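Trainee:
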Amino acid sequence: MEIRVEDLAARIGCDVQGDGAQRVSDVRPLDEAGPEHLSFAAGTRPMKRIAASAAGAVIVPRKAAAGLDAARTWLLSDDAQAAFIAAMLLFRPATSRGVSGISSGAYVSPSARIGRETNVFPGAYVGEGAIIGDHCDIGPGAVVGAGCRLGAFVTLHPNAVLYAGVQTGDRVIVHANAVIGADGFGYRFVDGRYEKIPHTGTVVLEDDVEIGACTTVDRGMVGATRIGAGTKLDNLVMIGHNCRLGRHNAFASQVGLAGSVTTGDYVRCAGQVGIADHLHMGRGSTLGAKAGVMDDIPEGGHYIGLPAVPEKDAFRQLVTVAKLPDLIQQVKSLTKQVAELEAALECAARTKAA
Amino acid sequence: MEIRVEDLAARIGCDVQGDGAQRVSDVRPLDEAGPEHLSFAAGTRPMKRIAASAAGAVIVPRKAAAGLDAARTWLLSDDAQAAFIAAMLLFRPATSRGVSGISSGAYVSPSARIGRETNVFPGAYVGEGAIIGDHCDIGPGAVVGAGCRLGAFVTLHPNAVLYAGVQTGDRVIVHANAVIGADGFGYRFVDGRYEKIPHTGTVVLEDDVEIGACTTVDRGMVGATRIGAGTKLDNLVMIGHNCRLGRHNAFASQVGLAGSVTTGDYVRCAGQVGIADHLHMGRGSTLGAKAGVMDDIPEGGHYIGLPAVPEKDAFRQLVTVAKLPDLIQQVKSLTKQVAELEAALECAARTKAA
Amino acid sequence: MEIRVEDLAARIGCDVQGDGAQRVSDVRPLDEAGPEHLSFAAGTRPMKRIAASAAGAVIVPRKAAAGLDAARTWLLSDDAQAAFIAAMLLFRPATSRGVSGISSGAYVSPSARIGRETNVFPGAYVGEGAIIGDHCDIGPGAVVGAGCRLGAFVTLHPNAVLYAGVQTGDRVIVHANAVIGADGFGYRFVDGRYEKIPHTGTVVLEDDVEIGACTTVDRGMVGATRIGAGTKLDNLVMIGHNCRLGRHNAFASQVGLAGSVTTGDYVRCAGQVGIADHLHMGRGSTLGAKAGVMDDIPEGGHYIGLPAVPEKDAFRQLVTVAKLPDLIQQVKSLTKQVAELEAALECAARTKAA
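Residue numbers (our numbering), protein chains in the order written: chain A, 1 to 354; chain B, 355 to 708; chain C, 709 to 1062.
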């Protein structure tokens, strides 16, 4: 598709500054774009990258309009990211999923029930008594354990594994090689050996949950490990047994929660955060990258560090540690000065006594 | 199953305090239990949660008996967790594994040997010359590479992968999407490029080892990467090439061992610990969450931090760093005081001289 | 194969010190070797382990020759590791890959094109329009999404997943259960919910890239997430959407890159490093284990710590923090001394006044 910038602007709700007759035929990141491409900048920070870009037209925030090169073509938007996504979907429309039904190369237990317009791809496995809703995609090699119950519009990407009894709501996405419902890491230490604690609980993924590639969510021992509606987990995340996450949480890659952690709604963790067992993260709290949480986090708290402390305390601590070499020098001088004072005073006293 | 609390107590070896005629029909976590449920508390810490629970009966440690609400029903046990597990298995008996044999949807090399009462599920792959013992489960999509040798009662969960030549003892469990025996991360840097070092070694998982979901254990370069009997690895753990773990180790999720690390028996690592290459963790040593180990750890040592230091040193260091802002303030005052003293002394000297 | 040490030495370019008539029949690590085995030590550090080894012969660096036990048999080499690898491949020659073609147990879309002498193993899936080069191995359960393009001599190990549209160069290796091309972790927060941002970009793995087991490389939003030629990623690594890695990078296990990180050539990360989004790692820079990178890293920089700082600053900081308890003690003494001085001076003044 090729389109004039002014026509495109009209369709995605932008104002044109520059040559509206310019034509673009696809979207590209700033540094890969040529004259025939549309690109975008979410903020004004990457002005250098914008200036260096060969893009034929760039969507920018309206507030950046003043500083723009008059010789080039711009699309101004109050929400540049949204406008760009709309443009991207014009050039690259989402292909509607085909309905191929149950592949002869898949294994589906005779006692399983598969919804309407649901695909089960070659190599997939659906166990005894599993119930899968309508409009689902069970990707190549994906495994739905016995007795699982999946809602509608659920996507299991290739080789994702749901152990027996896992439940999902609607519109859940599980990415490739993620594992939902493996046994929790629970043992009793008896006579010098670890005895496995049976895990008869399960995992519940509520509506609109998205689980990243190679992420693992362990089943509860008695009850359910639960991921609240709308919560998004990135790749390689670990959610231990018995955790219960609130709604609309977002955890970046490689975050790890030990057992029985609970979170309120809207909790966010940056990458590689670790949270010790049985703690609670308050609603709306945020954890900085690599934070190690050893205590409950209050509602709305912003914590970082190991052990995690409020952000402002952590920064203060960093500043004070940075001052340490100076401080050591200062104490050395003081020690010398005090010794001299003592000597002077003693000398004065002796003089006087004499 | 519904059962009177006093009958249940008799079967799991507890004493009843309260109404033994109360009936329960399943187990639940404290905060999901209703009047028809049995729950449990391992310690006395969660007394608030116990009080808030609607559970019909709760198993608690005998030593907590004194503080209990007389209006409710309690089961007292010297080992509340064990009693609860016994109760759980009464309500939810483990289903015995069926024996379905080798699925027509699996691929089994003609030269492989499969033991008695072993299942190979649809989509599984068993390579050339592999030998699998009796009573094993090779889950859907699981891969047993050429020449692997598996003991008896081994479970490979769905999509777990054993590369060629991997060996396991008896009663080994490998969870979904774990990878055993991939090439170690070893290269020679030659003429500006990384040249792959061939890895002709293997991995040995001894008896009773359990490997978590998406955990990776790399093969040795020459010899075997070895996981000692009874050792348990949680999900997303990395064990580098040539490591040799002792017996009855327990590593929580996201722990990473670089190459050639060795451990004694009974070593424990909390989540996200990292250990540099060629180090030794002494028998019975323990590493706190997120510890970064740069040196050998002595027998029985408790280490935390980055770099890891003995726990007591780490706490002292934390305390001293926390005191830093005060210390800076104190040094500022001292500096002022010393300046005043110097001035006073000089003034005194001058007065005297005058 | 059994061979006299002097014959072996001739074939791998070593000099013999000791009994050249000694025979060896295989290679083993130092502490697993017997009299019939050849072993090696890359440096002189493990002299104790060498002394304790029962190996019949050991390859050591020539520079270590002086200190060697005259009663034993040694092979001296300027590059002991290379010599040992050559010996290992004599005893354990690499088996040439068989060519079995497309298994009837695999699914290959009619519109896909598969090169000459390429194997597609049972349970593998090749989607619509995918193009796979010559001499490739698509392992059991591996998934090649629709429209992927693979070069020649590419190996996908079992259950590795390439999402639709992923491209690879030649000689690329993707280990088991790795996931290439899953959607990036990108959402718009709208009306209290996370809205998924469509990811229409892809992933490009250039020539000679090797991807570890359970590693994930997310697809770009618009353009390609790109892994430069010759770059090696260990297991359980996360590469976020839109990252572009240079050539010949080497990242150890459990490293995580947030979105849009770029690196120059020859960048190295030790285990568990985390890098925040949109940063640049300069050519030849090195990050120590567990470093947390919050800022661009200059060319050739060696950084460690959280937040990452130049190695020498980090060590200085460690040293100063270690001095803190002493410093606190010192300030306490100073405070006391100053108080005494003040008292003495006041007393002197009073005396004088009297």
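By construction, the Cβ of each residue, glycine as well, lies at the ideal position given by its N, Cα and C atoms.
Remember, predicted model here, so these are calculated numbers, not experimental data.
Quick check: Leu746/C and Gly726/C, are their CB atoms within less than 8 Å of each other?
Mentor: Here residue 746/C refers to the residue found at position 38 of the third sequence. Here residue 726/C refers to the residue found at position 18 of the third sequence. Against a cut-off of 8 Å, the Cβ pair of Gly726/C and Leu746/C comes out as no contact.
Trainee: Within the stretch 38-91 of chain A, note down every full alpha helix (DSSP H) run reaching 4 residues or more, in order along the chain.
Mentor: Segments of the alpha helix (DSSP H) lying fully in the stretch 38-91 of chain A: 47-52, 80-91.
Trainee: Would you kindly check if the distance between the Cβ of Asn867/C and the Cβ of Gly849/C is under 8 Å?
Mentor: Your numbering for residue 849/C matches position 141 in the third sequence. Your numbering for residue 867/C matches position 159 in the third sequence. Yes, the Cβ-Cβ distance between Gly849/C and Asn867/C is below 8 Å.
Trainee: Any C-beta of chain B sitting closer than 8 Å to the C-beta of Ala236/A?
Mentor: The residue given as residue 236/A occupies position 236 in the first sequence. Contrary to the premise, residue 236/A reads as Leu rather than Ala in this sequence. Closer than 8 Å: yes.
Trainee: Taking Cβ positions only, does Gln435/B come closer than 8 Å to chain A?
Mentor: Here the question's residue 435/B lines up with position 81 in the second sequence. With 8 Å as the cut-off, Gln435/B counts as an interface residue toward chain A.
Trainee: Quick one: is Pro737/C buried, meaning 16 or more other Cβ sit within 10 Å of its Cβ, or exposed?
Mentor: Here the question's residue 737/C lines up with position 29 in the third sequence. So Pro737/C counts as buried.
Trainee: Which residue from Asn249/A, Arg4/A, Leu324/A, Ser77/A puts its Cα closest to that of Tyr25/A?
Mentor: In the first sequence, counting from the first residue as 1, residue 25/A sits at position 25. The sequence shown places Ser at residue 25/A, rather than the Tyr named in the question. The option with the nearest alpha carbon to Ser25/A is Arg4/A.
Trainee: By the DSSP assignment, the beta strand (DSSP E) with Asp369/B in it spans what residues?
Mentor: Walking along the second sequence from the start, residue 369/B turns up at place 15. Per DSSP, Asp369/B belongs to the beta strand (DSSP E) from 369-371.
Trainee: Compare the C-alpha of Asp524/B against each of Val544/B, Asp488/B, Gly540/B and name the closest.
Mentor: The sequence position of residue 524/B within the second sequence is 170, counting from 1. When only C-alpha atoms are compared, the closest one is Asp488/B.
Trainee: Taking the CB atoms as reference points, tell me whether Ala612/B and Ala630/B lie closer together than 8 Å.
Mentor: Taking the first residue of the second sequence as position 1, residue 612/B is located at position 258. Taking the first residue of the second sequence as position 1, residue 630/B is located at position 276. Closer than 8 Å, so yes.
Trainee: Since Val917/C is in the alpha helix (DSSP H), which residue starts that stretch and which ends it?
Mentor: Within the third sequence, numbered from 1, the residue matching residue 917/C stands at position 209. No alpha helix (DSSP H) holds Val917/C; DSSP gives it neither H nor E.
Trainee: Chain B partners of Arg800/C, CB-CB under 7 Å?
Mentor: Start at 1 with the first residue of the third sequence, and residue 800/C comes out as number 92. Neighbours of Arg800/C on chain B, chain order: Thr554.
Trainee: Whose Cβ in chain B lies nearer than 9 Å to the Cβ of Tyr194/A?
Mentor: Here residue 194/A corresponds to residue number 194 of the first sequence, with the count starting at 1. Result: Asp562, Glu564, Gly584, Thr585, Lys586, His602, Ala604.
Trainee: On the criterion of 16 or more Cβ atoms from any shown chain inside 10 Å, does Pro122/A qualify as buried, or is it exposed?
Mentor: Mapped onto the first sequence, residue 122/A falls at position 122. Label assigned to Pro122/A: buried.
Trainee: Keeping to the same chain, check which residues put their C-beta closer than 6 Å to that of Ser253/A; ignore five residues upstream and five downstream.
Mentor: Position 253 of the first sequence holds residue 253/A. The answer, listed in chain order, is Asp234, Asn235, Leu236, Gly271.
Trainee: Could you give the DSSP three-state label for Ala1018/C: helix, strand or coil?
Mentor: Sequence index remark: in the third sequence, residue 1018/C carries index 310 (1-based). Position check: residue 1018/C holds Pro in this sequence, whereas Ala was assumed. Strand at Pro1018/C.
Trainee: Just the Cα atoms here: how many angstroms apart are Glu482/B and Cys490/B?
Mentor: Indexing the second sequence from 1 puts residue 482/B at position 128. Indexing the second sequence from 1 puts residue 490/B at position 136. Glu482/B and Cys490/B: Cα-Cα distance of roughly 18 Å.
Trainee: Mind checking Arg805/C: buried by the 16 CB within 10 Å criterion, or exposed?
Mentor: For the purposes of this step, residue 805/C is identified with residue 97 of the third sequence, where counting begins at 1. Under this definition Arg805/C is an exposed residue.
Trainee: Output the boundary residues of the alpha helix (DSSP H) element that contains Arg304/A.
Mentor: By 1-based counting over the first sequence, the position of residue 304/A is 304. Arg is not the amino acid found at residue 304/A; the sequence shown has Ile there. No alpha helix (DSSP H) holds Ile304/A; the beta strand (DSSP E) holding it covers 302-304.
Trainee: Considering only DSSP beta bridges, list what Leu318/A is partnered with.
Mentor: Counting from 1 along the first sequence, the entry for residue 318/A is found at position 318. Its beta-bridge partners do not exist; DSSP assigns none.
Trainee: Using DSSP's beta-bridge definition, name the partner residues of Val887/C.
Mentor: Locating residue 887/C in the third sequence gives position 179, counting from the first residue. BP columns for Val887/C point to Val869/C, Thr924/C.
Trainee: Please report the Cβ distance between Val887/C and Ala213/A, rounded to the nearest whole angstrom; I am assuming they are in contact, meaning their Cβ atoms lie under 8 Å.
Mentor: For the purposes of this step, residue 887/C is taken as residue 179 along the third sequence, with counting starting at 1. For the purposes of this step, residue 213/A is taken as residue 213 along the first sequence, with counting starting at 1. Confirmed, about 4 Å.
Trainee: Mark Arg934/C as exposed unless 16 or more other C-beta atoms lie within 10 angstroms of its C-beta, in which case mark it buried.
Mentor: The sequence position of residue 934/C within the third sequence is 226, counting from 1. Buried.
Trainee: For Ala484/B, decide whether its Cβ has a neighbour in chain C, counting only Cβ atoms nearer than 8 Å.
Mentor: For the purposes of this step, residue 484/B is taken as residue 130 along the second sequence, with counting starting at 1. So no, Ala484/B is outside the interface.
Trainee: So with CB distances below 7 Å, who are the chain A contacts of Ile905/C?
Mentor: The count along the third sequence starts at 1 and reaches residue 905/C at position 197. Result: Ile85.
Trainee: According to DSSP, is Leu236/A helix, strand or coil?
Mentor: To locate residue 236/A, count along the first sequence from 1; it is residue 236. Leu236/A falls in the coil class under three-state DSSP.
Trainee: How long is the line joining the alpha carbons of Arg1058/C and Ala702/B, rounded to whole angstroms?
Mentor: Against the third sequence, residue 1058/C aligns to sequence position 350. Against the second sequence, residue 702/B aligns to sequence position 348. So the alpha carbons of these two residues sit roughly 12 Å apart.
Trainee: If the cut is a Cβ gap below 8 Å, which residues of chain A does Thr689/B touch?
Mentor: Here residue 689/B refers to the residue found at position 335 when the second sequence is read from its first residue. Gln330, Leu334, listed in chain order.
Trainee: Taking any Cβ of chain C, which residues in the stretch 108-121 of chain A have a Cβ under 9 Å from it, in chain order?
Mentor: Answer in chain order: Phe121.
Trainee: Tell me, please, whether the stretch 281-300 of chain A touches the stretch 657-664 of chain B by the rule of three or more beta-carbon pairs shorter than 8 Å.
Mentor: Too few Cβ pairs lie closer than 8 Å, so no.
Trainee: Smallest Cα separation from Gly388/B: which of Ala375/B, Met592/B, Ile404/B, Gly397/B?
Mentor: Working through the second sequence from its first residue, we reach residue 388/B at position 34. Residue Ile404/B is the option with its Cα nearest to Gly388/B.
Trainee: Applying the criterion that 16 or more other CB atoms from any shown protein chain within 10 Å of the CB defines a buried residue, is Arg465/B buried or exposed?
Mentor: Against the second sequence, residue 465/B aligns to sequence position 111. As written in the sequence, residue 465/B is Ser, which differs from the Arg given in the question. The residue in question, Ser465/B, is exposed, as its Cβ has fewer than 16 Cβ neighbours within 10 Å.
Trainee: Indicate whether at least one CB of chain B lies closer than 8 Å to the CB of Gly849/C.
Mentor: The count along the third sequence starts at 1 and reaches residue 849/C at position 141. For Gly849/C, the answer is yes, since a Cβ of chain B falls inside 8 Å of its Cβ.
Trainee: Are any of the Cβ atoms in chain B nearer than 8 Å to that of His883/C?
Mentor: Here residue 883/C corresponds to residue number 175 of the third sequence, with the count starting at 1. Yes - at least one Cβ of chain B is within 8 Å of the one on His883/C.
Trainee: Using a Cβ-Cβ cut-off of 7 Å (strictly less than) and excluding sequence neighbours within five positions of Ala578/B, which residues of its own chain qualify?
Mentor: Taking the first residue of the second sequence as position 1, residue 578/B is located at position 224. Answer for Ala578/B: Gly555, Thr556, Val557, Val558, listed in chain order.
Trainee: Which residues in the same chain as Val414/B place their Cβ atom closer than 8 Å to its Cβ, once the five residues preceding and following it in sequence are excluded?
Mentor: The residue you call residue 414/B lines up with position 60 of the second sequence. Result list for Val414/B: Phe394, Ala395, Thr398, Ile404, Leu422, Trp428, Leu429, Leu430, Ser431, Ala434, in chain order.
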